[in-house]
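*Asks:* Submitted below is the structure of interest, expressed as structure tokens.
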Amino acid sequence: MSSSTLLMHFYETLLASLGPSQWWPGETPFEICVGAVLTQNTNWSNVQKAINNLKSRDLLHPEKMASLDDELLAELIRPSGYFRIKARRLKNLLEFLRLECAYHLPDLSSQDLQQLRDKLLQVKGIGPETADSILLYALEKPSFVVDAYTSRILNRHLLVHEDIDYHELRDFFMDRLPRDVALYNEYHALLVRTGKKWCNKNNPRCDGCPLGSYL
DNA sequence: TTCCTGCACT
DNA sequence: AGTGCGGGAA
Numbered sequence: 003m004s005s006s007t008l009l010m011h012f013y014e015t016l017l018a019s020l021g022p023s024q025w026w027p028g029e030t031p032f033e034i035c036v037g038a039v040l041t042q043n044t045n046w047s048n049v050q051k052a053i054n055n056l057k058s059r060d061l062l063h064p065e066k067m068a069s070l071d072d073e074l075l076a077e078l079i080r081p082s083g084y085f086r087i088k089a090r091r092l093k094n095l096l097e098f099l100r101l102e103c104a105y106h107l108p109d110l111s112s113q114d115l116q117q118l119r120d121k122l123l124q125v126k127g128i129g130p131e132t133a134d135s136i137l138l139y140a141l142e143k144p145s146f147v148v149d150a151y152t153s154r155i156l157n158r159h160l161l162v163h164e165d166i167d168y169h170e171l172r173d174f175f176m177d178r179l180p181r182d183v184a185l186y187n188e189y190h191a192l193l194v195r196t197g198k199k200w201c202n203k204n205n206p207r208c209d210g211c212p213l214g215s216y217l
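Numbering (the working numbering), first residue to last: 3 to 217.
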């Protein structure tokens, strides 16, 4: 079986087993961008607390957030961890949004994917995973998101080597799958859900895993 | 105590 | 390649 076919089998198996994910959790493109920064190396439940702190004060809007001083913003997002550096990263992203689209995120979607991705990666604090999360989930661009779970799952199924880097792994998917936003959206979500529940870092629980039959 | 949908800096 | 950033939940 080709690796392309196997990737689609993985997808269909996970979707049939777990059901659709309805990702990304977030009511607006901007909220999705904020969540993408806050969830860097951080449990989503902690991100949710930080988002709620902002939302309950009606601060989850670019203009309002940009006018907050860094100290207050950091305090509000404290539950998400790395709060000082993440406050700075949010401000960096806000400055990008101001310059690029005057805070009107849908305007970004007219830009070419590769060009927009390069620009996002120049923002301090926006790395490849955060950039692709914003592109895919906030802007609905067909940019596949990979993460620690993705490489772990594919490595344990002998599809890629252990130390594959981010862009190699992203290309692995994008070279083998149709460039489809809905497919990329759901595939990444399913891999994260699988990683959290079964494909743990130190103690994988292959019994009961939807992909167990592929081992 | 470990781990969490990373990234920048040295 | 190694390290700092960090609170919260299991």
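Note that the Cβ used here is the ideal one computed from N, Cα and C, for glycine as well. A quick note: this is a predicted structure, and the numbers were derived from the prediction, not measured.
Mind checking whether Tyr-168 and Cys-201 have CB atoms under 8 Å apart?
*Replies:* Contact flag unset, no.
*Asks:* Indicate whether Leu-138 and Val-125 have their beta-carbon atoms separated by less than 8 Å.
*Replies:* It is not a contact, given that the beta carbons lie outside the stated cut-off.
*Asks:* Consult DSSP for Ile-136 and reduce its assignment to one of helix, strand or coil.
*Replies:* Looking at Ile-136 - three-state DSSP - the assignment turns out to be helix.
*Asks:* What first and last residue would you give for the alpha helix (DSSP H) that runs through Trp-46?
*Replies:* Counting along the chain, the alpha helix (DSSP H) containing Trp-46 begins and ends at 46-58.
*Asks:* Report yes if the C-beta distance between Val-39 and Arg-119 is below 8 Å; otherwise report no.
*Replies:* Going by C-beta atoms, Val-39 is not nearer than 8 Å to Arg-119.
*Asks:* Report the residue ranges of all alpha helix (DSSP H) runs contained in full by the region 70-107; include only those spanning at least 4 residues, in chain order.
*Replies:* Within the region 70-107, the complete alpha helix (DSSP H) runs of at least 4 residues are 72-78, 85-103.
*Asks:* As a quick exercise: from Ser-112, Pro-64, Ile-166, Gln-117, pick the residue whose alpha carbon is nearest that of Pro-31.
*Replies:* Ranking the options by Cα distance to Pro-31, first place goes to Pro-64.
*Asks:* Counting only runs of 4+ residues fully inside the region 147-200, write out the alpha helix (DSSP H) ranges in chain order.
*Replies:* The qualifying runs are 150-158, 168-176, 183-199.
*Asks:* Say whether the region 93-111 touches the region 48-66, bearing in mind that this needs 3 or more beta-carbon pairs closer than 8 Å, one atom from each stretch.
*Replies:* Judged by Cβ distances under 8 Å, the region 93-111 makes contact with the region 48-66, as three or more pairs qualify.
*Asks:* Using the C-alpha atoms, what's the distance from Tyr-186 back to Thr-15?
*Replies:* The straight-line gap from Cα to Cα measures roughly 15 Å.
*Asks:* With DSSP as the reference, label Asp-209 as helix, strand or coil.
*Replies:* Coil.
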